[in-house]
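First comes the structure, then the notes that go with it.
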Amino acid sequence: MCTAVSFKTKDHYFGRNFDYELSYGEKAIIIPRNYVFELRKLPALSKHYAMVGLTSVFDNTPLIYDAVNEHGLAMAGLNFEGNAVFYDFDHAMDNVTPFEFIPYILGQCKNVAEAKEMLTKINLVNEAFSADLPLAPLHWIISDSEDNTIVVETLADGMKVYDDPVGVMTNNPTFDKQLFNLNNYRGLSAKTPENTFDPTVDLPAYSRGMGTLGLPGDLTSSSRFVKAAFVKAHSVCETDESSSVSQGFHILSAIEQQRGCCEVSEGKYEYTIYSACYNKDKGILYYKTYEDSQITALNMHKADLESEQFTLYPLSQTQHFNYAN
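What the sequence shown shows, in my numbering, is residues 120 to 444, in sequence order.
Structure, rendered in structure tokens:
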């Protein structure tokens, strides 16, 4: 399970927690404009927008988890088990496999408006990468440098494209139900509430934070959606890069998962393998891993974006310390 959030200060940012019980050797990646994306059902993308992101690589093919392109369009795939449906080949549509979907959109679209237009022609076809790597049941969040955000879900009755006014996505249930569920928390506030229960009775505020009483704190996807939306909506920070990136990770840390709290099978626990925060305007990926809470940065514009080969950067898996003495 995972959580993704889009937010802005002076610049526009996009972040996600990647929560799972095992790693597939994730790496950071910069993909230049001339790397050839071979597509299963369509002609190769031999010229496209450059991007930076996080990926696993199989058979020298990047299977991208999340990324931002050089125009500030960001996209991430999150688990959608039990709801995701992929379709048969359709001769009238552009047939794209789910594992090609992120580079297909980010490689050709500058913003959400262009992505929406492209989505009207896409059929996400039911074809796995290989026999050993079946399709992951995913849905996707797409966000641009103007803070427009949509959610794409492929259901039994077709593809749904939702405008996302809160800039948050988690997992199940479907996005429309997640958004409606926020109605149950409309009374929450960052402020200390007045006593409207019975003003004739002395009901003192015995603690700070009583305006958040009832805010979910469990690890379910519906609760993480509510908490992420609340924390993002009430986020306050300075607008410089350091403050903004730090705040982005604080938002993500509000709904991160610690190993041992969510057992998915005997001896296996879901946890936040990595957290990523992108500056969409500047094309910079910031990340930290479960093993190393130090923030690492990767700027796509410091690479040769006219190259024909992608570059991989191993994620730090050893905690770094700043010793004071």
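For each residue, glycine too, the CB sits at the ideal point set by N, CA and C.
Report task. Could you tell me the distance, in whole angstroms, from the CA atom of P181 to the CA atom of F156? Result -> Looking at the two C-alpha atoms, the distance is approximately 9 Å.
Requested in this report: Using the Cα positions of Y397 and Y406, report the straight-line distance between them to the nearest angstrom.
Outcome: Y397 and Y406: Cα-Cα distance of roughly 8 Å.
Report task. For my contact list, A373 and D185 are in at a C-beta cut-off of 8 Å; report their separation, rounded to the angstrom. Result -> At roughly 19 Å, the Cβ-Cβ gap does not stay under 8 Å, so A373 and D185 are not in contact.
Query raised in the report: Which same chain residues, not among the five before or five after D130, have their C-beta less than 6 Å away from its C-beta?
Result: If we look at D130 and ignore the five residues flanking it on each side, its Cβ neighbours are N398 and D400.
Report task. Look up H369 in the DSSP assignment and say whether it is helix, strand or coil. Result -> Helix at H369.
Query - I392 versus D276: straight-line alpha-carbon distance, rounded - result: The straight-line gap from Cα to Cα measures roughly 33 Å.
Requested in this report: For P181, name the three-state secondary structure that DSSP assigns.
Outcome: The three-state reading of DSSP puts P181 in strand, counting E and B together.
**Report entry** Coarse secondary structure for N242, derived from DSSP in three states
**Finding:** Strand.
Query raised in the report: DSSP three-state call for Y223: helix, strand or coil?
Result: If DSSP states are grouped into helix, strand and coil, Y223 belongs with the helices.
Report task. Decide yes or no for the touch test of the segment 289-300 against the segment 222-230: beta carbon pairs closer than 8 Å, at least 3 of them. Result -> No, the segment 289-300 is not in contact with the segment 222-230.
**Report entry** Among V270, V355 and K421, nearest to G196 - alpha-carbon criterion
**Finding:** Taking each of V270, V355 and K421 in turn and checking the Cα distance to G196, the smallest one comes out for V270.
Query raised in the report: Once you ignore the five residues that flank S249 on each side, which residues in its own chain have a CB closer than 8 Å to its CB?
Result: Counting only Cβ-Cβ distances below 8 Å, and skipping sequence neighbours, we find F177 and D178.
Requested in this report: Report the option in L158, Y223 and Y390 whose CA atom is closest to the CA atom of M237.
Outcome: The residue with the shortest Cα to Cα distance from M237 is Y223.
Requested in this report: Determine, using beta-carbon pairs with one atom in the segment 143-152 and one in the segment 206-213, whether at least three such pairs fall under 8 Å.
Outcome: Too few Cβ pairs lie closer than 8 Å, so no.
Query raised in the report: What's the gap between the Cα of T289 and the Cα of H369?
Result: When rounded, the distance between both Cα atoms is 17 Å.
Requested in this report: Express the C-alpha separation of D138 and E272 in angstroms, rounding to a whole number.
Outcome: C-alpha separation (whole angstroms): 19 Å.
Query raised in the report: Across which residues does DSSP place D213 in a beta bridge pair?
Result: DSSP lists I241 as partners of D213.
**Report entry** For V124 and V355, the rounded distance between their alpha carbons
**Finding:** If you take the alpha carbons of V355 and V124, they lie about 15 Å apart.
Query - Beta-carbon proximity of T408 to Q436, cut-off 8 Å - result: Taking 8 Å as the Cβ cut-off, T408 and Q436 qualify as a contacting pair.
Query raised in the report: Is it right to say S384 is buried, meaning 16 or more other beta carbons lie within 10 angstroms of its own, or is it exposed?
Result: With fewer than 16 Cβ atoms within 10 Å of its Cβ, S384 is classed as exposed.
Query raised in the report: How is the beta strand (DSSP E) around V124 delimited, first residue to last?
Result: From DSSP, the beta strand (DSSP E) with V124 extends over C121 to K127.
Query raised in the report: Skipping 5 residues on each side, what residues in its chain have a beta carbon closer than 7 Å to that of K387?
Result: Correct list, in chain order: E140.
Query - A348 and V280 closer than 8 Å at C-beta - result: Cβ distance not < 8 Å, so A348 and V280 don't count as in contact.
Requested in this report: Inspect the beta-carbon positions of L243 and F218 and report whether they are closer than 8 Å.
Outcome: Not in contact: L243 and F218 (Cβ atoms no closer than 8 Å).
Query raised in the report: Alpha carbon to alpha carbon, how far is F440 from E375?
Result: When rounded, the distance between both Cα atoms is 21 Å.
Report task. Give the DSSP bridge partners of F429, in chain order. Result -> Answer by DSSP bridge pairing: none, since F429 is not bridged.
Query raised in the report: Are the beta-carbon atoms belonging to T122 and R305 less than 8 Å from one another?
Result: In this structure, T122 keeps its C-beta atom at 8 Å or more from the C-beta atom of R305.
Query raised in the report: Any heavy atom of the ligand ZN within a distance shorter than 7 Å of the CB on Y132?
Result: The ligand ZN is not among the ligands present in this structure, which contains no ligands whatsoever.
Query - Separation of L301 from L334, as counted between CA atoms - result: Near 11 Å, if we compare the C-alpha coordinates of L301 and L334.
Report task. Could you spell out the range, first to last residue, of the beta strand (DSSP E) harbouring L197? Result -> Here the beta strand (DSSP E) through L197 covers A193 to N198.
Query raised in the report: Can you list, in chain order, the stretches of the alpha helix (DSSP H) that have 4 or more residues and sit fully within the segment 395-431?
Result: Within the segment 395-431, no alpha helix (DSSP H) run of at least 4 residues lies entirely inside it.
Query raised in the report: Based on the DSSP secondary-structure assignment, which residues constitute the bridge partners of K279?
Result: The partner list for K279 (beta bridge, DSSP) reads E272.
Query - T268 versus D337, A193 and D317, residue with shortest Cα-Cα distance - result: Cα-wise, what sits closest to T268 is A193.
Requested in this report: Taking T331 and L307 to be in contact with their CB atoms under 8 Å, please state how far apart those CB atoms are, rounded to whole angstroms.
Outcome: Between T331 and L307 the beta-carbon gap is near 6 Å, inside 8 Å, which marks them as a contact.
Requested in this report: Within the segment 333-371, note down every full alpha helix (DSSP H) run reaching 4 residues or more, in order along the chain.
Outcome: The segment 333-371 contains these whole alpha helix (DSSP H) runs: 340-352.
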